[in-house]
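K.L.:
I have a structure here, written as structure tokens, and I will follow up with some questions on it.
Numbering (our numbering), first residue to last: 7 to 163.
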């Protein structure tokens, strides 16, 4: 697995990085990315932006969990998998998954601030707890949806 990155700091000289740039050539974003980079990033809440190159195919389990200031992210067409809890309790308010995404992990967006979502036509199964405990108001479900698993949308406001 290849994963390289750089941290960008806010202009006021913040002690920790606020923007994570995954460098070209990286193929996966590892499980628990923010936890593993905590010495450099500080608390996951400091992260406001993530830039993902078109070489990445997988966003690992809990990669951006608890990134409460992360409000938006562009997932490139190269990504096929968003694993378990990848954006759990993040500050994301909307998500658009590209057509390349074919697999979503359980609770990938659970507890996030998402209010609107657009899922890829390649998605056939909505996994358990995908959007549970969110503020989801609008979702575009693909016609390809064959199954909505338990608690996929529970407790959203």
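Built from N, CA and C at the ideal position, the CB exists for glycine as well.
Can you check which of these residues, 147, 70, 132, is closest to residue 55 by C-alpha distance?
P.N.:
When only C-alpha atoms are compared, the closest one is 70.
K.L.:
Using the rule of at least 16 other Cβ atoms within 10 Å of the residue's Cβ for burial, across every protein chain shown, is residue 80 buried or exposed?
P.N.:
So residue 80 ends up on the exposed side.
K.L.:
Can you name the start and end residues of the beta strand (DSSP E) that residue 102 belongs to?
P.N.:
It spans 100–102 - the beta strand (DSSP E) in which residue 102 sits, taken as one unbroken run.
K.L.:
Grab the span of the beta strand (DSSP E) containing residue 185 for me, first residue to last.
P.N.:
For residue 185 there is no data in the structure shown, the boundaries of the chain being 7 and 163.
K.L.:
Hey, residue 123 and residue 111 are a contact pair by Cβ (cut 8 Å); roughly how many whole angstroms apart?
P.N.:
Not really, about 15 Å apart at Cβ, beyond 8 Å.
K.L.:
Grouping DSSP H, G and I as helix and E and B as strand, with all else coil, what is residue 39?
P.N.:
Of the three classes helix, strand and coil, the one that applies to residue 39 here is helix, per DSSP.
K.L.:
Whole angstroms are fine: how far does the CA of residue 127 sit from the CA of residue 140?
P.N.:
If I take the Cα positions, the gap works out to 22 Å.
K.L.:
Who are the near neighbours of residue 118 in its chain, counting only those whose CB is closer than 6 Å to its CB and skipping five residues on each side?
P.N.:
The answer, listed in chain order, is 93, 96, 98, 140.
K.L.:
If you check the beta carbons only, do residue 120 and residue 150 fall under 9 Å apart?
P.N.:
No. Outside cutoff.
K.L.:
Starting from residue 57, trace the beta strand (DSSP E) in both directions and tell me its first and last residue.
P.N.:
Counting along the chain, the beta strand (DSSP E) containing residue 57 begins and ends at 55–57.
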